[in-house]
Amino acid sequence: MADEEDDIILSELDDEALALQMHDDLYDGLKEEIEEGVNILLGRGWEPYEVLTKALVAGMTIVGIDFRDGILFVPEVLLAANAMKGGMAILKPLLAETGAPSVGTMVIGTVKGDIHDIGKNLVAMMMEGAGFDIHDLGINNSVDAYIDALKEQNADILGMSALLTTTMPYMKVVIDTLVETGIRDNYIVMVGGAPLNEEFGNAIGADAYCRDAAVAVETAKEFMDRKHNQMAPL
Ligand code: B1M
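And the structure:
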């Protein structure tokens with residue numbers, strides 16, 4: 298594929314061809330090309346969220362399928378992730394550009410044993426764009442790390458991400474600890490990640506399972522509306 302790449306001038310492709318080319322470039326871990334593609338699409342008037350979902354997330358889905366099927370291996374997927382992060386860095390300030398006052402405060406992090414952070418970063422970016430204060434704890438978070446941050450930040454929402462079937466049960470450990478320490482009801486707990494579903498979210502006692510970053514934003518806004526209405530004087 299590298300020889301073909303040499304001849305391709307991204308700016309000469311139409312929108313559809315460019316998005317498809319970006320899926321290939323993401324697959325090949327070509328960070329500079331991804332950054333160039335993102336800038337071209339933005340220059341053509343694409344909304345940042347459209348670039349994110351149609352060019353980057355869609356490309357990463359293909360990477361995920363071939364990783365699962367043993368066609369791609371960890372080093373290649375790391376390169377793809379690095380390219381994706383290059384594109385996301387350009388989109389981040391644009392998605393966060395609302396200038397709205399804080400809607401609420403969220404502590405978010407990937408659970409213990411899990412180093413996947415792309416989806417979590419995306420949720421954090423979108424939430425920030427929607428006016429939330431975000432405290433991102435990064436990856437591999439213990440119960441204590443979550444609870445300390447919730448208290449320190451006087452947070453409204455706890456967001457947890459897990460991408461592995463082996464790490465998702467840790468979310469229940471965190472929620473159970475919140476219950477045991479009597480602080481569960483102080484926080485809205487939202488969970489997400491590719492292997493989760495609604496049923497799992499309910500089973501572990503989360504307030505909401507969020508399929509993607511857009512759903513996370515909508516869900517968080519709804520919960521914050523309800524919280525503010527409950528607290529409003531009658
Ligand atoms: Co990993 N990996 N990986 N990996 N990896 C998966 C998850 C896997 C499904 C691949 C596969 O087999 N098809 C598989 C898990 C299988 C399973 O558990 N059933 C897997 C595996 C097995 C592994 C290793 C064990 C591989 C190995 O070492 N043999 C290893 C584990 C390391 C560890 O964590 N301890 C590993 C390592 C890696 C890399 C380091 C190479 C890299 C991570 C780089 C990084 O994140 N910085 C990587 C990647 C990139 C993937 C895939 C290909 C892509 C994940 C991703 O970024 N998706 C992934 C395959 C897949 O998921 N299709 C895979 C794009 C992202 C935008 O989507 O994260 O789902 P996602 O986030 C979405 C929603 O889920 C939701 O919103 C996001 C945006 O819309 N969401 C939330 C996510 N978190 C949320 C939190 C919320 C709300 C919504 O809070 C409120």
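Residue 511 in the working numbering is what sits at position 214 of the sequence shown, and the numbering runs on without skipping anything. Where a beta carbon is used, it is the ideal one built from N, C-alpha and C, also for glycine.
Comparing C-alpha distances from G428 to each of K448, T402, Q450, G435 shows the shortest one belongs to T402. Under the three-state reduction of DSSP output, T402 falls in the strand class.
In this structure, M385 has its beta carbon at no less than 7 Å from each heavy atom of the ligand B1M. With contacts defined by Cβ atoms closer than 8 Å, I436 and I412 form a contacting pair. Secondary structure of T407 (DSSP, three-state): strand.
Around the beta carbon of L327, a 10 Å sphere encloses 16 or more other beta carbons of the protein chains shown; the residue is thus reported as buried.
Under DSSP, V488 takes part in a beta bridge, and its partners are M457, Y506.
Looking at the DSSP output, I362 bridges to nothing. When the beta-carbon positions are compared, A352 and M319 come within less than 8 Å of each other. Following the DSSP letters along the chain, one finds I431 inside the beta strand (DSSP E) bounded by residues 430-433. In the structure shown, N437 adopts coil according to DSSP, grouped into three states. Annotation: E425 to K448 spans about 20 Å, alpha carbon to alpha carbon. Uninterrupted beta strand (DSSP E) stretches at least 3 residues long and entirely within the region 335-360 do not occur. A straight line joining the alpha-carbon of V488 with that of D509 spans about 10 Å.
Closest in C-alpha terms to V354, from the list E333, G342, L317, comes L317. Relative to the ligand B1M, V354 has its C-beta within less than 7 Å of a heavy atom. Here G456 is buried, its C-beta having at least 16 other C-beta atoms within 10 Å. Taking C-beta atoms as the reference points, Y324 and I362 fail to come closer than 8 Å.
Between I501 and I454, the C-beta spacing is not below 8 Å. Apart from sequence neighbours up to five positions away, the residues of its chain that approach V476 with a beta-carbon distance below 8 Å are G502, ordered along the chain. With contacts defined as CB atoms closer than 8 Å, V404 and Y467 fail to qualify as a contacting pair. Check the Cα spacing between G406 and each of N499, G356, S458, L392: the tightest is with S458.
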